[in-house]
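Right, one structure below, let's go through it.
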Amino acid sequence: KKSSSSKNKIAGKTIEQHRRSMGDVVKSKIHVEKWCIEAHTHCTIQNVEAEVFEQLIVANAASVVPAWDDVDIESTPVVVASIKGTDKLANIFGATKIKGGTRMGSWSANKADLIYMPESKELRVWWTMR
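Residue 110, in my numbering, is where the sequence shown stops; the numbers in between run on with no holes.
Structure (structure tokens):
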């Protein structure tokens, strides 16, 4: 029986390495001011393999349009995934990558819409902080 650890690689990286690199892009866009978060809660992540999208995003999505089982990577131009909940976003990007704060307060991402373009392997992420 195979272990469920991330020993299988996708494009030369484990799923955890993909999670960390995507999380780093998200974290770089979270800017905390003294009492608030800047409204730059969007980013674009390049070179996202379809397998990574399936294992990290589809597995944690509240909805995916079109349904992932109906997607033909060669001909589907766009896939939209909606993520609801800080825990689900943490599963995708890593818990520390979706938070920001100071001694005055802290915030976490709580909802996101992810737009994936399979042909170009581009993932656009928009999220809200709470």
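Beta carbons: idealized from backbone N, C-alpha and C, even for Gly.
Look up A89 in the DSSP assignment and give the residues it is bridged to.
Counted from its first residue, the sequence shown places residue 89 at position 109. In DSSP, A89 forms a bridge with M109.
May I ask you to verify whether the segment 2 to 17 touches the segment 76 to 87, counting CB pairs closer than 8 angstroms and requiring at least 3?
yes
Reduced DSSP category for T56 - H, G, I as helix; E, B as strand; rest coil
Start at 1 with the first residue of the sequence shown, and residue 56 comes out as number 76. Coil at T56, not helix or strand.
So, is A92 buried or exposed, given that buried needs 16 or more other C-beta atoms within 10 angstroms?
Counting from one through the sequence shown, the residue named residue 92 turns up at place 112. So A92 counts as buried.
Taking one C-beta from the segment 56 to 65 and one from the segment -10 to -3 each time, how about it: are there three or more such pairs within less than 8 angstroms?
no
Are the Cβ atoms of I25 and V5 separated by less than 8 angstroms?
Working through the sequence shown from its first residue, we reach residue 25 at position 45. Working through the sequence shown from its first residue, we reach residue 5 at position 25. Contact flag set, yes.
Chain-order list of residues whose beta-carbon lies under 6 angstroms from that of V28 (same chain, five-residue window excluded)
By 1-based counting over the sequence shown, the position of residue 28 is 48. Residues K101 and L103 of the same chain have their beta carbon placed closer than 6 angstroms to that of V28, with the five preceding and five following residues left out of the count.
M109 versus K68: straight-line alpha-carbon distance, rounded
The residue labelled residue 109 in the question sits at position 129 within the sequence shown. The residue labelled residue 68 in the question sits at position 88 within the sequence shown. Rounded to whole angstroms, M109 to K68 spans 14 angstroms at the Cα level.
Should V105 and H11 be called a contact, given that it needs their Cβ atoms to be closer than 8 angstroms?
Translated into the one-based positions of the sequence shown, residue 105 becomes position 125. Translated into the one-based positions of the sequence shown, residue 11 becomes position 31. Taking 8 angstroms as the Cβ cut-off, V105 and H11 do not qualify as a contacting pair.
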